[in-house]
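Trainee: I am attaching a structure below and will ask some questions about it afterwards.
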Amino acid sequence: MKRGFYWSILVFVFTIPISSFISTKLLIAFLFISLFLRSNKGSLLVAIEKSWDVLFFFLVLIMGLLNTNDIVTGLRVLETSFSLLALLFVFSRLSNFHDSLFSNMFLSFIAGLLVACLICLVSAGISFNSSGDFHEFFYYQLTDVIKLHPTYMAYYIIAAITYVIYMVYYRIQRISKKVLLPVSVFFFCMLMLTGGRTAYVSLLLVLAFFILKFMTDEEKAQKINGFLLAICLSMSLLGLSSLDYFGNELNISNDYWERSILWKSALKANPNPLLGVGTGDYKEVLNSYYQAHGMQEYAKDSYNSHNQFIQIYFSNGIIGLLALVIMLARPLYLSVRSHNTLGVLLFFPFIIYGVTEVFLGRYQGVVFFALLHQIIVHQYYSNKPYLALKGD
């Protein structure tokens, strides 16, 4: 039964980029099934030790309900964050988390992302054939068919490109370079179509790592393919950005706009720096601030702060901000401690994303964050001599 459970998880990972509806239903089903799988004695305590940071963050959200008038909105926040807990329990049933399991998971994710991109392109092509509007190939119009925000599509693509370059650079022979190189170019082209400018910075830093790594590597001849791929993508990214490819002249939508006014509003509207306004009251309080200060357009659309750090501080105060920082920092710390370069490259972009988006405010962001968090943490504990209930 556990083997079937393992393959089912791969199917779930495959569906994440394609359909939130399907992946959510699968996650609920796997959580239910995991409750009936035989587990080792003390496995719950081990799971708590491995993911105590996630539990702490979720506990802060729950405690924030005590400081909330709008309980319905607060419960919706918990529902959105549900995959943080669900994946914790699902992964606790994977008794032996080896590197090949991580590889299979990420390859399943990349395969699902390829399918999602193809669906978007085919749909855009059909719409363009009917309307003649080339905007069908960009931003919201491009990804609307799969109900995925283009910014989160960009996050997925950057993770996929990072993994592909890593495989090429370190000559991991699971898939031929004849397949990996075209796939990376295809994903890069899709990234340009999503208009995800705020995600470009993280990709540029990833590419810079591989370029600098090559400069200091003693085995340059064996790493030349990965280096050339990183150089080509970097030059393309910088070239398109300098040409303002998604600029006003073409009138193509992208995710760039001034967010500082939202940041300042959320900071000023918080009456309780320690506890915040409560898990469910952030909309009401922030909209009231917008209206009181002549920002009716923001109140009309119920804009959040568009900054994950400010948003959690606004809703759950300094305690919530501390919980978020711990949950972000711990996988990075474990990756550095275990020399897991790929773990660092895949996870650190969330810090950048958090500056311009509330990535834990949508299921697409939460489930991807939770998946990478569990993978990195379980990799660490699987590759070290493990004693239960001891410190990291």
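Those letters in the sequence shown? Residues 687 to 1078, by our numbering. Just so it is clear, CB atoms sit at the ideal spot from N, CA and C, and this is done for glycine as well.
Please look up how many angstroms separate the CB atoms of N993 and L961, rounded, as I've assumed it's under 8 Å.
Mentor: Actually they are not in contact, since the Cβ atoms of N993 and L961 sit about 19 Å apart, beyond 8 Å.
Trainee: With burial defined as no fewer than 16 other Cβ atoms inside 10 Å of the residue's Cβ, what is the status of T902: buried or exposed?
Mentor: With fewer than 16 other Cβ atoms within 10 Å, it is exposed.
Trainee: Since Y1049 and S769 are thought to touch, with beta carbons under 8 Å apart, how far apart are those beta carbons, to the nearest angstrom?
Mentor: 7 Å
Trainee: Rounded to whole angstroms, what's the CA-CA distance from I897 to F913? Just pull it up for me.
Mentor: 6 Å
Trainee: Under the three-state reduction of DSSP, which class applies to Y760: helix, strand or coil?
Mentor: Position check: residue 760 holds Gly in this sequence, whereas Tyr was assumed. Note: G760 maps to helix in three-state DSSP.
Trainee: Give the secondary structure of G980 by DSSP, where H, G and I count as helix, E and B as strand, and everything else as coil.
Mentor: coil
Trainee: So the alpha helix (DSSP H) V892 belongs to, where does it begin and stop?
Mentor: Going by DSSP, V892 is part of the alpha helix (DSSP H) stretching over R883 to T902.
Trainee: Taking 8 Å as the threshold, find out whether the segment 804-811 comes into contact with the segment 1018-1027 through three or more Cβ pairs.
Mentor: no
Trainee: In this structure, does DSSP put L834 in helix, strand or coil?
Mentor: coil
Trainee: Using 8 Å as the Cβ pair cut-off and three pairs as the minimum, do the segment 750-767 and the segment 962-970 touch?
Mentor: yes
Trainee: Run the CB neighbour count on H784, radius 10 Å, all protein chains shown included, and call it buried at 16 or more, exposed below.
Mentor: Answer is exposed; the Cβ neighbour count stays below 16.
Trainee: So what does DSSP say about G750, is it helix, strand or coil?
Mentor: helix
Trainee: Please classify E765 as buried or exposed, where buried requires at least 16 neighbouring CB atoms within 10 angstroms.
Mentor: Counting Cβ neighbours within 10 Å, E765 comes out exposed, since fewer than 16 surround it.
Trainee: Helix or strand or just coil, what does DSSP make of D739?
Mentor: Helix.
Trainee: Where do the N-terminal and C-terminal ends of the alpha helix (DSSP H) with Y825 fall, by residue?
Mentor: Y825 to T829
Trainee: In whole angstroms, what is the alpha-carbon distance linking I796 and C806?
Mentor: 15 Å
Trainee: From this set, S789, N1069, S786 and F742, which residue's C-alpha is nearest S767's C-alpha?
Mentor: Here the closest residue by C-alpha is F742.
Trainee: Are the segment 692-708 and the segment 825-838 touching by the rule of at least three beta carbon pairs closer than 8 Å?
Mentor: yes
Trainee: Taking three-plus beta-carbon pairs below 8 Å as touching, is the segment 875-892 in contact with the segment 824-833?
Mentor: yes
Trainee: Where does V1044 sit, in a helix, a strand or coil, going by DSSP?
Mentor: In the structure shown, V1044 sits in coil (DSSP, three-state: anything other than H, G, I, E or B).
Trainee: N956: buried (16+ other C-beta within 10 angstroms of its C-beta) or exposed?
Mentor: buried
Trainee: Just the C-alpha distance for L891 and L721, rounded to the nearest angstrom, thanks.
Mentor: L891 and L721: Cα-Cα distance of roughly 41 Å.
Trainee: The alpha helix (DSSP H) that contains R1023, what's its start and end?
Mentor: Q994 to R1023
Trainee: Classify R945 as helix, strand or coil using the three-state DSSP reduction.
Mentor: Of the three classes helix, strand and coil, the one that applies to R945 here is coil, per DSSP.
Trainee: Reducing DSSP to helix, strand and coil, say where F1034 ends up.
Mentor: coil
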